[in-house]
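Below: one structure, written as structure tokens.
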Amino acid sequence: MEDGEEHHNPKAHKKLLMAIGSFGNIQHIQKSTRDERQTLQDEFQLGKSVRSAESHHKPRAVVLNDLVQILRTSSKHIKTGRKLKNIQSTKKVLEKPLEKPAADRIRRTIGYEGVTKKLGRWDAVVAQQRSAETQIFPIPSETIYVNTAAHAKSLKTSIQSALAKELEASKLKLHELRKAQIGDTADEKALAQQERELRQKKITRDELFARRKELAYLKMRESQKSAKSRMQNKIKSKKFHKLQKRQKIHEQMKEFELLQKTNPEAALEKLNALEKIRVQERASLRHKNTGTWAKNLQMRAKYDRDVRKDLAEQLAVGRQLTEKKQESDSETEFKMTQDVHEEEDKEYDPFNPWTKRKEAGKAPTEKAGSHVSNWRKYWTERNQKAKFLEEHRKDLKDVQHVENVDVVEEKLKSDPKPKPSMKKVKKSKVSFENGWEVEKVYHESNVTGESKIIDNIFEGREEKLRAKLTKKLENLKLRTDRLKKAPAKSKKVKKDSLKNLKDLAIKMTKQRVEVDEPLYYEIESQQQVDAANMESDPEVAVDSAVDIIDLSKVTTLVWAQKERSSGALNDALVNDDDAEYDEKDATTLHQLTISQAFEDDDIIADFNREKTKDSEVKNTELQLAMPGWGSWAGAGISQEVMERRNKRNTRLLLRLAAPEKRRDDNKDNLFINETSTKHARQHMVSSVPFPFRSLADYEASIRAPIGRNFVPETAFRMLTRPSVITRKGQVIEPMDDSDLVKPERRLRHIVDKRIKRLPKVPQNSQKAKK
Amino acid sequence: MSKAPPKGRAKPKVPYKRYFDTDNAAADGDTAGLQPVKLKRKNQQNFVGDFIRMQTQSKASKPLRPSKVKAEATDPAEARKSHVPPELLAKYSRGEKVEARGVKTRHFKEQQERKEVYLDYATEQAARTELLLQETAGQLGADEGEITAEYRQEQIAANVDLQSASKHFQLKLEFGPYTMRYSKNGRHLLLGGRRGHVAAFDWVTKKLHCEFNVMESVADVQWLHVPTMYAVAQKSWVYFYDKKGTELHCVKRLTNVNRLDFLPYHFLLAAGNSAGYVSWLDVSMGELVGNFNTGLGDIRLLRHNPSNGVLCVGGSRGVVSMWSPKVREPLAKLLCHSTAMTAMTVDPKGMHLVTAGLDRNVKVWDIRMLNDQPLALFRLRLPANELDVSQRGMLALSQGNYMETYTDLLSGGGTGDRTKLPYLRQRCDAFVHGLRFCPYEDVLGLSTAKGFHSVLVPGSGEPNYDALEDNPYETSKQRREHEVHALLEKIPPELITLDPNEITGVDAPTLQEKIDAKRQLFHLKPPAIRMNSRRKMKGRGGTAKASRNKQIVKDTKRKEFIAEVRQAKKSVIKQHSSSKELAGDSKPKPPRSVLDRFKPKPQKNHKT
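From first to last, the protein sequence lines are chains A and B. If you count by this note's numbering, then the first sequence holds residues 1 to 770, one letter each, in order. If you count by this note's numbering, then the second sequence holds residues 1001 to 1608, one letter each, in order.
Now the structure itself:
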């Protein structure tokens, strides 16, 4: 036993104690101790935090402060430690996310608000449609004519920048190139300048004549040439054309040889051009199977299978060659390089020092000449050049279309007077002074004409807008980023920047659609009107009172048939009267006497008696006394006495009606039955129907008939107009957002116009009245 | 470089304004001349672009200011259109507008206001149609020293156009005293001789439709709703014939009929017989809608009031009583003469009732207001035995075989002077038995004992007729269509009341009804309660329990009812007794003063 005591193991004991102590707070899962690095934290290793009670003898969890303390030890990390601490103090821990139902509730309310706002936009439309007199479906939209040409002007610049300028530039380049080809190295600008100067100078008479002569000659030549070419074109002989072609080629070859000697570069260019022409000719399907070999083959193909095969092969080859090739990547690369090369070749750069050399050499001489120049010299030079140019152009087969522009230009150039050119300029609606500019305008107009498709215009606008928007957004982003980067410097600065942000916000467009129409109108003004009416009323009333009184209605007009003896005027009637009185026969006389005898006998009395009898209201009195009341003394009291007594006793006799005033009360000779209209009453309403407050209003509301027989046809049609008009066979589309901003239907009928002009009844009128 | 105006003609100072001139043109009158009509706007004229559908103006409404809006209401186009003189508007006006205050909700207020706009428009349109009323009514005017009454028919006929002259004619017929009727459009004439002669003809063209003898005495004749059918009151029954004289029907329930009348809008043939019965026969259904004894004895005078359809019956006691088919008592009674009546008529507008009695008076009554005093009183030398009023308000009366007309119902007289002589007079060859103005013609028909006279009375008929209502020149197709329309618009007979607008009112109980209801309260018995108890499942309370429950329910119900009635009775008693007390001590008692005790005490009755 002692051994056992001696074997007291303090370690084990402590463990035991701890186990006992920790009985209260059961923690079956032990807090894991980390012994090696773990990438994943197992959830079972997360135990409860250590109780404060036990913390004093247990190593507590590491907190940030510890880390900071450690960092403080070395001066190297002091800063970092401070930063860490700072972060812990300033940064808040994010709140726990809301529980799902609560979050849902919030989301729902927000959603509801959004939807109500969205639908609220329609309120005015709905109200209007509900109260509208007529609704026409499908909703008519008015066609509005917009002169898009009027808008084209403003848009033109934007398009020109993209397309026209490029074209222009290329055109210019081409022009330069061509000039270079022929070796014309005259500076355009200088020429223009020269011309202008010359124009400013006075022209002598002889010069003028000469110039005009020259012009005429040129014109004649041109027309001759054109006529000739036209004639030649008309010739149907194939042989002739073949010969001509051959001749042309010969000429070209000659020229080429000549060029090779004088201007090798130009010659090279020309060679290329010639080659190109040949290729184009060959590539066109004109010469397919037209060679002698092919023809022979075709002849034989009818009988020989192999030959047929050969021919097919040949055709296939031709097809293959002419097919558009799908470029593979490697090919494109190759092509690119080639293209570049070609471009270099093509683009004759006037600023290129290699090509410039010769020009530079020539230019000074030109300039030197220009100084001394007079008109005659200038024009001879010009014309020479033009001639060369033209010849060259003819030679070049690819320039098939005659550049009439150039001709025009030439004409303009040759024109001594500036006025006609001005006129032309005016026609084209662009004010330029020079002929060169005119050409430009031509191109421009052409370009715009081609690209003036409205969609494009709109697209362009949209794109612009989008670009603007994106730009702004980017700016915004940049600013916000900057703001974020610069943390709280000072509050003022922050505010300012925020303000700027607000300013940056996309500005509201001016044409904001106001959906909610004002349904109210000033009540004051109405009151004023009322007051005015009140003022005017009394007069009217007085007038009407005067009007109402009519003598004939107050008194009976008595008129007597004239007797024969009375009055001289009756003399005219004498003859007739004589005859008449003879006719007064016995029967009438008899009747008369009878009537006179019975006059006023009892007819009036009878009538009055009947009237009182008919007009008395029956059963107006009600005896409340029960049988036996007051007869305690026994039988024998006479009925009369009883009745009298009862009558006197007002308590027991109930008079149910105070006699009401009758229509015929003060009219002796009249009886009106007031209880008679039982059948008609079935058709009447039993009480004042709903929207009306009084009987007078109700009666007024149905005072006017609307039938065809009572109102004119036009009014009848309006009165019985259906509230919803639909067109047959037309689909009624539901309204969309565009209906919110649509202008109101133009009203044609006067009634509609008047209705529209009616002041809206204020919504709270009822409350105001109360 | 404006051209100088031609010298020959002076330029008018104010250029005549034409319908196509705009206000601007008038404004710059100096330029004068008519400017070409602008067809399109400038930007539309040289229009190159495409048509796009788009909105120009946004929906943003202008600020509404009612006062200003009203000022703007007089837009020139509208003003030009609607310059209808106010008195014309007043003529066609249907009465006071509904005030917005009297309508309950905003929605209905707006609706009512809009309706008023429509009605205004209808009135305006109607007033504008005055423009079409080109025919004006005129009368004969006498020269200096002449009076119209001395003009003879021959003179008048000689001085009017041929067509009108042909309307003056005379028929000499043999079959006794005649009665006559014009059709509603005034084109056809129906004659019925006492001795059986019935003739129908188009009196304008003198084309005879039919003529026959019914071989019975004929009391009266009457056209029905179309001039192809008519009714003849024969000796015992009423027969119906068509235009050709074919007997269509015989109504044996209408016996011994003296007088016939026809209510065109109700399709009712009214008949008064010698036994004092009035009957209304619905000719569209062939049903007697009313048939009862008036208690007036032999009915000799019977006319309907065209404005409300009430049948006026003149009696031998000088009383005109008015009857409706569904009411067995007279709607009104008017004591017109203190002697027996000889003639009676109602003017075509239904405004005046004209009666003549044996007292040699002709009285004009306001039939709408129903005053007990006549508007006008004509004292004659002899009692008038026939009366009629034309559409233009001319009065014709006959005394024996002598006929006189007066231009105005109220003022009488033919010439403008104060002596009030008759307008025209005519002496016939025999006693005048029937007298009717022809509608839409200046003609008066006189049927006498010996034939028929058609007399020209210039200015008697309405010159402007509504062809949809009565068309004198209607074709058979139009007639058929009109018949159908009329049938569709037939007014039920129970709506015949004194005030035709009564139907627009609200049904309020009469005094008698109120009293009866109150009286009934005192004799009410609790109603028998029948209670069907719910079927119970077996074992859930026996029959004893069920019957007990039933009894309990009945008792409670009865008690409740009795309590209610008692309450009601109390209130009635209180109401009436209090009102009486109030009426009894109308003068309030003077306040008691301190010294009142010294006043002599009222004598007490001695006890016996």
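Even glycine gets a Cβ: it sits at the ideal position worked out from N, Cα and C. Keep in mind the model is a prediction, meaning the values are calculated, not measured.
Just tell me which of the options has its CA closest to the CA of residue i.
i                       : options                           : result
residue 1291 of chain B : B:1493, B:1525, B:1558 and B:1197 : B:1493
residue 690 of chain A  : B:1233, B:1422, B:1104 and B:1600 : B:1104
residue 267 of chain A  : A:476, A:203 and A:257            : A:257
residue 289 of chain A  : A:264, A:274, A:305 and A:318     : A:318
residue 140 of chain A  : A:742, A:181 and A:749            : A:742
residue 1395 of chain B : B:1374, B:1353 and B:1360         : B:1353
residue 1436 of chain B : B:1400, B:1391, B:1470 and B:1466 : B:1391
residue 1168 of chain B : B:1222, B:1306 and B:1160         : B:1160
residue 557 of chain A  : B:1361, B:1385 and B:1547         : B:1361
residue 1242 of chain B : B:1225, B:1235 and B:1253         : B:1225
residue 1097 of chain B : B:1084, B:1112 and B:1091         : B:1112
residue 172 of chain A  : A:380, A:36, A:392 and A:188      : A:188
residue 623 of chain A  : B:1597, B:1569 and B:1593         : B:1569
residue 793 of chain A  : A:242, A:168, A:702 and A:270     : The question about residue 793 of chain A has no answer, for chain A in this structure spans 1 to 770.
residue 682 of chain A  : B:1537, B:1512 and B:1502         : B:1502
residue 1250 of chain B : B:1469, B:1287 and B:1483         : B:1287
Rounded to a whole number of angstroms, what is the C-alpha to C-alpha distance between residue i and residue j?
i                       : j                       : result
residue 1230 of chain B : residue 1433 of chain B : 20 Å
residue 675 of chain A  : residue 665 of chain A  : 15 Å
residue 775 of chain A  : residue 1499 of chain B : Outside the displayed range of chain A (1 to 770) lies residue 775 of chain A, so it cannot be described from this structure.
residue 224 of chain A  : residue 263 of chain A  : 31 Å
residue 727 of chain A  : residue 1329 of chain B : 56 Å
residue 121 of chain A  : residue 740 of chain A  : 8 Å
residue 281 of chain A  : residue 274 of chain A  : 11 Å
residue 163 of chain A  : residue 466 of chain A  : 20 Å
residue 1316 of chain B : residue 1388 of chain B : 19 Å
residue 1603 of chain B : residue 1369 of chain B : 56 Å
residue 618 of chain A  : residue 1278 of chain B : 28 Å
residue 1509 of chain B : residue 1326 of chain B : 18 Å
residue 219 of chain A  : residue 287 of chain A  : 38 Å
residue 1099 of chain B : residue 697 of chain A  : 7 Å
residue 1163 of chain B : residue 1318 of chain B : 43 Å
residue 68 of chain A   : residue 111 of chain A  : 47 Å
residue 231 of chain A  : residue 303 of chain A  : 45 Å
residue 1530 of chain B : residue 1505 of chain B : 40 Å
residue 708 of chain A  : residue 716 of chain A  : 6 Å
Can you round the beta-carbon distance between residue i and residue j to whole angstroms, since I take them to be within the 8 Å contact cut?
i                       : j                       : result
residue 1296 of chain B : residue 1320 of chain B : Going by Cβ atoms, the distance from residue 1296 of chain B to residue 1320 of chain B rounds to 10 Å, so no, they are not a contact pair.
residue 1439 of chain B : residue 1185 of chain B : 7 Å
residue 680 of chain A  : residue 620 of chain A  : Their Cβ separation, rounded to whole angstroms, is 26 Å, which puts residue 680 of chain A and residue 620 of chain A out of contact at 8 Å.
residue 668 of chain A  : residue 1359 of chain B : That belief does not hold up - the Cβ atoms of residue 668 of chain A and residue 1359 of chain B are roughly 17 Å apart, past 8 Å.
residue 1323 of chain B : residue 1331 of chain B : 7 Å
- Query: Quick one, which residues of the region 200 to 228 of chain A are near chain B if we go by CB-CB under 8 Å, in chain order?
  - Reply: The region 200 to 228 of chain A vs chain B, Cβ under 8 Å: nothing.
- Task: Return the residues of the region 1108 to 1120 of chain B that lie within a Cβ-Cβ distance of less than 7 Å from chain A, sorted by chain order.
- Result: Answer set for the region 1108 to 1120 of chain B: 1108, 1109, 1110, 1112, 1113, 1114, 1117, 1118 and 1119.
- Query: Which residues, in order along the region 1482 to 1508 of chain B, keep a beta-carbon less than 7 Å from a beta-carbon of chain A?
  - Reply: Within the region 1482 to 1508 of chain B, the residues whose Cβ lies closer than 7 Å to any Cβ of chain A are, in chain order, 1494, 1495, 1497, 1502, 1503, 1504, 1505, 1506 and 1507.
- Task: Closer than 7 Å, Cβ to Cβ, to anything on chain B: give me those residues from the region 701 to 733 of chain A, in chain order.
- Result: For the region 701 to 733 of chain A, residues whose beta-carbon sits nearer than 7 Å to a beta-carbon of chain B comprise 701, 702, 703, 704, 709, 711, 712, 714, 715, 718 and 719.
- Task: Can you give me, in chain order, the residues of the region 682 to 694 of chain A that have a beta carbon less than 9 Å from any beta carbon in chain B?
- Result: For the region 682 to 694 of chain A, the set of positions with a beta-carbon nearer than 9 Å to some beta-carbon of chain B reads 682, 683, 684, 685, 686, 687, 688, 689, 690, 691, 692, 693 and 694 in chain order.
- Query: Can you list, in chain order, the stretches of the alpha helix (DSSP H) that have 4 or more residues and sit fully within the region 69 to 114 of chain A?
  - Reply: For the region 69 to 114 of chain A, the continuous alpha helix (DSSP H) assignments of 4+ residues that do not extend past its boundaries occur at 78 to 90, in sequence order.
- Within 8 Å of chain B by C-beta, residues of the region 602 to 635 of chain A in sequence order: So the list reads 603, 604, 606, 607, 610, 611, 614, 617, 618, 619, 620, 622 and 624, given in the order they occur along the chain.
- For the region 1454 to 1522 of chain B, which segments carrying the alpha helix (DSSP H) assignment without a break, of at least 4 residues, lie completely within its bounds, in sequence order? With a minimum length of 4 residues, the continuous alpha helix (DSSP H) runs that stay inside the region 1454 to 1522 of chain B are 1476 to 1488 and 1511 to 1522.
- Message: By the 7 Å beta-carbon criterion, what residues does the region 261 to 292 of chain A contribute toward chain B?
- Response: Those residues of the region 261 to 292 of chain A placed with their C-beta closer than 7 Å to a C-beta in chain B do not exist.
- Item | Where the region 1346 to 1359 of chain B meets chain A: residues whose CB sits under 7 Å from a CB there | Look at the region 1346 to 1359 of chain B: the residues with a C-beta under 7 Å from a C-beta of chain A are 1358 and 1359.
- Using Cβ-Cβ distances below 8 Å, what residues of the region 1304 to 1335 of chain B are close to chain A? So the list reads 1317, 1318, 1319, 1324, 1326, 1327, 1329, 1330, 1331, 1332, 1333, 1334 and 1335, given in the order they occur along the chain.
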